[in-house]
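Take the position in the sequence shown, starting the count at 1, then add 376; the result is the number in our numbering. Even for Gly, the Cβ is constructed at its ideal location relative to N, Cα and C. As structure tokens, the structure follows; a few thoughts come after it.
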Amino acid sequence: MYIVYTKEWESEMLSNIAFFRDDSLLGDLCIVLGDWTKKQGSDIELDHWLNFIKKVINDFGSHLGSLQITNEPNLPFMEGSNPHIIQALVEGVVVAKKQAQKLKLPINIGFGSVPSGDASVPYFWENLTKEGNDKFVKYVDFIGHNFYVDVFGEQTLALQEVPSVVEHTLRSLREVDLVKAGIPNSVPIRITENGWSTGKKSISDLDRSYEHQSKVLETVIRTVYSLRSELNISHFELFGLRDANSSIDDLFHQFGVMRDDYSPKPAYYTFKRLIRELG
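The following block contains the structure:
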């Protein structure tokens, strides 16, 4: 579950968490920082941010398995647009872990990330090291990582190219980025967002079929599974199980393995089979 924190939205977000708690649907929670869509929040009221994190743990901690502080802090048009994001991330993780320990709650605390590259915040991991140092690292229980293969960008990958791209992405995180941040191999990686959307790719106007979605997802999942021990990958999650709107031929509306009326796509059955086999 995601919630987006701003000072103005605090009470609404707490109500949303309570709604999911009451239906026993809480489990893993990610707190996203700021409303970047309105270019708000360039100045963080840090005390409010940290107090909100404490309140979430105080009120809902007994229902949480994990709490992720930030979702995509190194993506420049999302949380990474905030110049104070690294400070908020570091202090948020530390406060969250200390509060969980104080209340004797076994909540795993982590933070999010996206692959490094031309579209990510430059020097994010180096700056995280400077801000966080060894004291921060000891409070990190996992690294969330959102990545997509053959979804964004102009080129379309052949199916046989997918495994090498997945492996390169995950090795770059474990063997390059996390090393820069001083985060040891003992801290697991969680794949917190992944998927392959159907519909049309607006740049190339190529159709993205339900059948190919099933093949790509199986290839991605099997590749992640094959690397799970070597790279210490503990979780894999799809971005969405259901389309936002199946009638709109756009990448962002058709990530689901079900249509918006809950009717299954072929990938739904593939995903179920892989859970039975590999889960």
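How would you call G417, buried or exposed, if buried means at least 16 neighbouring beta carbons within 10 angstroms?
-> Along the sequence shown, read from residue 1 onward, the residue named residue 417 stands at position 41. Bear in mind that a pLDDT of 47 at G417, under 50, signals an unreliable position, so the model cannot answer this.
When the Cα atoms are used, what is the spatial distance from S602 to L654?
-> As a first step, residue 602 must be located in the sequence shown, where it is residue number 226. As a first step, residue 654 must be located in the sequence shown, where it is residue number 278. Cα to Cα, S602 sits roughly 10 Å from L654.
Since K641 is in the alpha helix (DSSP H), which residue starts that stretch and which ends it?
-> Indexing the sequence shown from 1 puts residue 641 at position 265. Counting along the chain, K641 falls outside any alpha helix (DSSP H), and DSSP gives it neither H nor E.
State the start and end residues of the unbroken beta strand (DSSP E) segment that holds I483.
-> Counting from one through the sequence shown, the residue named residue 483 turns up at place 107. No beta strand (DSSP E) contains I483, which DSSP labels as neither H nor E.
Please look up how many angstroms separate the CB atoms of T382 and D411, rounded, as I've assumed it's under 8 Å.
-> Numbered from 1 along the sequence shown, position 6 holds the residue referred to as residue 382. Numbered from 1 along the sequence shown, position 35 holds the residue referred to as residue 411. Contact flag correct, Cβ pair sits at about 5 Å.
DSSP three-state call for V466: helix, strand or coil?
-> Along the sequence shown, read from residue 1 onward, the residue named residue 466 stands at position 90. Collapsing the DSSP output to three states places V466 in a helix.
From the DSSP output, which residues share a beta bridge with Y378?
-> Counting from one through the sequence shown, the residue named residue 378 turns up at place 2. Bridge partners of Y378: C406.
Give every residue of the same chain whose Cβ lies closer than 8 Å to the Cβ of S562, excluding the five residues on either side of it in the sequence, and list them in chain order.
-> For the purposes of this step, residue 562 is taken as residue 186 along the sequence shown, with counting starting at 1. Closer than 8 Å at the Cβ level, and outside the excluded window around S562, lie N608.
Return the chain-ordered list of same chain residues with a C-beta closer than 7 Å to the C-beta of V556, the five sequence neighbours on each side being excluded.
-> Locating residue 556 in the sequence shown gives position 180, where the first residue counts as 1. With the sequence shown as reference, residue 556 is identified as Lys, and Val is not the correct amino acid for it. These residues qualify, in order along the chain: W501, E502, T505.
Best match in Q630, I624, D626, V600 for proximity to L617 [C-alpha to C-alpha] = Against the sequence shown, residue 617 aligns to sequence position 241. When each option's Cα is compared against that of L617, the closest is Q630.
Proximal residues to R649 (C-beta, below 8 Å), its chain only, five neighbours per side dropped | Taking the sequence shown and counting its residues from 1, one reaches residue 649 at position 273. Same-chain partners within the cutoff: there are none.
Indicate the three-state DSSP secondary structure (helix, strand or coil) for F500 in the structure shown.
-> Taking the first residue of the sequence shown as position 1, residue 500 is located at position 124. In the structure shown, F500 sits in a helix (DSSP, three-state: H, G or I).
Secondary structure of K474, DSSP reduced to three states = Taking the sequence shown and counting its residues from 1, the one referred to as residue 474 is at position 98. In this structure, K474 counts as helix in the three-state DSSP scheme.
Consult DSSP for S623 and reduce its assignment to one of helix, strand or coil.
-> Here the question's residue 623 lines up with position 247 in the sequence shown. Note: S623 maps to coil in three-state DSSP.
Given 8 Å as the limit, is there contact between the stretch 523 to 535 and the stretch 468 to 481, that is, 3 or more CB pairs closer than that?
-> In short, these stretches do not touch, since the Cβ pair count stays below three.
Could you tell me which residues DSSP pairs with D660 in its beta bridges?
-> A question about residue 660 goes unanswered here, because the residues of the chain that appear run from 377 up to 655.
Along the alpha helix (DSSP H) that carries F436, what are the first and last residues, could you check?
-> What you label residue 436 is simply residue 60 of the sequence shown in a count that begins at 1. Residues 422 to 436.
Rounded separation between I462 and R604 - CA only = Reading the sequence shown from its first residue, position 86 is the one you call residue 462. Reading the sequence shown from its first residue, position 228 is the one you call residue 604. Those two C-alpha atoms are separated by around 28 Å.
Is E594 helix, strand or coil by DSSP?
-> To locate residue 594, count along the sequence shown from 1; it is residue 218. Note: E594 maps to helix in three-state DSSP.
If I'm right that I433 touches L479 with Cβ under 8 Å, what's the distance once you round it to whole angstroms?
-> In the sequence shown, counting from the first residue as 1, residue 433 sits at position 57. In the sequence shown, counting from the first residue as 1, residue 479 sits at position 103. Sure, about 7 Å apart at Cβ, within 8 Å.
Output the boundary residues of the beta strand (DSSP E) element that contains T446.
-> Translated into the one-based positions of the sequence shown, residue 446 becomes position 70. For T446, there is no enclosing beta strand (DSSP E), as DSSP gives it neither H nor E.
Inter-residue Cα distance where the pair is D494 and L451 = Along the sequence shown, one-based indexing puts residue 494 at 118. Along the sequence shown, one-based indexing puts residue 451 at 75. Going by C-alpha positions, D494 is about 10 Å away from L451.
Residues near S585 by beta carbon distance below 8 Å, same chain, minus five either side = In the sequence shown, counting from the first residue as 1, residue 585 sits at position 209. Same-chain partners within the cutoff: T574.
Could you pull out every residue in the same chain whose Cβ sits closer than 7 Å to the Cβ of V513, ignoring the five residues on either side in sequence?
-> Your numbering for residue 513 matches position 137 in the sequence shown. Closer than 7 Å at Cβ, skipping near neighbours: G558, I559.
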